[in-house]
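For reference, the structure discussed in these notes is given below.
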Amino acid sequence: MVDDLRGVIHQAPLFSPETPYGKAMSVRMTSTGNCGWFSDRSGYRYVDTHPNGAAWPDIPASVLAIWHRLASNERDPDCCLINYYGEGARMGLHQDKDEADFDWPVVSISLGDDALFRAGNTARGGKTESLWLRSGDVMVMGGAARLTYHGVDRTRFKSSALLPKGGRINLTLRVVT
Ligand code: SIN
Ligand code: MN
């Protein structure tokens, strides 16, 4: 899968999106599929092309196989967002709610360094729970958990030898339309 993702990132390089508040995200990202997740001062949204103007590469078959096993054989995801966490990268608590139909789960695949994942509630605030996601872990955010707040507090840089330069890749598969 990492080899497949290398090919994807060669075609659609990682970039650091700007939040709507004008701050660069510490996570670098790119996408595959019919559309890709994007953010800038105009807000969070899905767009048809990479910032370089090219269409997003196809979702690799190795990644789709996990969706078919855990989510659905009826419909493929529109987007696989690829997040890369280098040293010190993190992701604040948020909901995945830029999609049209929350009946479809989000499937998350973790590769490389360990990450301290935090999950909260469907409204902001309240008690949260943390767990370490390790390389090869797959998580389905579906049903009542589809709209829980979640984020990554930190990673243990170079805790995994999967990626020669260290870091963590997280893939999230999403039905968007
Ligand atoms: C995300 O919420 O997009 C990423 C979650 C993760 O990196 O585990
Ligand atoms: Mn998310």
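Numbering (the numbering used here), first residue to last: 987 to 1163.
Beta carbons are placed, not taken as given, at the ideal position from N, Cα and C, and that holds for glycine.
| query | Exposed or buried, residue 1063, counting other C-beta atoms within 10 Å across all chains shown (16 or more means buried)? | reply | For this step, residue 1063 is matched to residue 77 along the sequence shown. Of the other Cβ atoms in all chains shown, 16 or more fall within 10 Å of the Cβ of residue 1063; this residue is therefore buried.
| request: Note down the Cα distance separating residue 1109 from residue 1082, rounded to an integer number of angstroms. | output: As a working mapping, residue 1109 is identified with position 123 in the sequence shown. As a working mapping, residue 1082 is identified with position 96 in the sequence shown. The alpha-carbon atoms of residue 1109 and residue 1082 are separated by roughly 12 Å.
| query | Whose CA, out of 1119, 1162, 1000 and 1088, lies closest to the CA of residue 1038? | reply | Locating residue 1038 in the sequence shown gives position 52, counting from the first residue. The residue from 1119, 1162, 1000 and 1088 with its alpha-carbon nearest to that of residue 1038 is 1000.
| task | Just confirm the distance between the C-beta atoms of residue 1021 and residue 1033, as a whole number of angstroms; I'd bet it's less than 8 Å. | result | Working through the sequence shown from its first residue, we reach residue 1021 at position 35. Working through the sequence shown from its first residue, we reach residue 1033 at position 47. Their Cβ separation, rounded to whole angstroms, is 6 Å, which keeps residue 1021 and residue 1033 in contact under 8 Å.
| field | Closer than 8 Å: residue 1088 CB and nearest ligand 1 heavy atom | value | Stepping through the sequence shown from its first residue, residue 1088 is reached at position 102. Incorrect: residue 1088 has no Cβ contact closer than 8 Å to ligand 1.
| With C-beta atoms as the reference, is residue 1146 less than 9 Å away from residue 1098? | Within the sequence shown, residue 1146 is the residue found at index 160, counting from 1. Within the sequence shown, residue 1098 is the residue found at index 112, counting from 1. Contact: yes.
| Identity of the residues DSSP links to residue 1016 by a beta bridge | Numbered from its first residue, the sequence shown carries residue 1016 at position 30. Partner(s): 1068.
| Just to confirm, are residue 1126 and residue 1150 a CB contact at a threshold of 9 Å? | By one-based count along the sequence shown, residue 1126 stands at place 140. By one-based count along the sequence shown, residue 1150 stands at place 164. No, the pair does not count as a contact, with Cβ atoms beyond the cut-off.
| said: With the cut-off set at 9 Å, would you say residue 1041 and residue 1159 are in Cβ contact? | reply: The residue you call residue 1041 lines up with position 55 of the sequence shown. The residue you call residue 1159 lines up with position 173 of the sequence shown. Cβ distance not < 9 Å, so residue 1041 and residue 1159 don't count as in contact.
| request: Would you kindly check if the distance between the Cβ of residue 1093 and the Cβ of residue 1138 is under 9 Å? | output: For this step, residue 1138 is matched to residue 152 along the sequence shown. For this step, residue 1093 is matched to residue 107 along the sequence shown. The answer is no: Cβ separation not under 9 Å.
| field | Rounded distance between the beta-carbons of residue 1121 and residue 1066, thought under 8 Å | value | As a working mapping, residue 1066 is identified with position 80 in the sequence shown. As a working mapping, residue 1121 is identified with position 135 in the sequence shown. Taking a contact as a CB-CB distance under 8 Å, the pair residue 1066 and residue 1121 does not count as one, their CB atoms being some 17 Å apart.
| If we count the other Cβ atoms within 10 Å of its Cβ and call it buried at 16 or more, is residue 945 buried or exposed? | What the structure shows of the chain is the stretch from 987 to 1163, and residue 945 is not part of that stretch, so it cannot be assessed.
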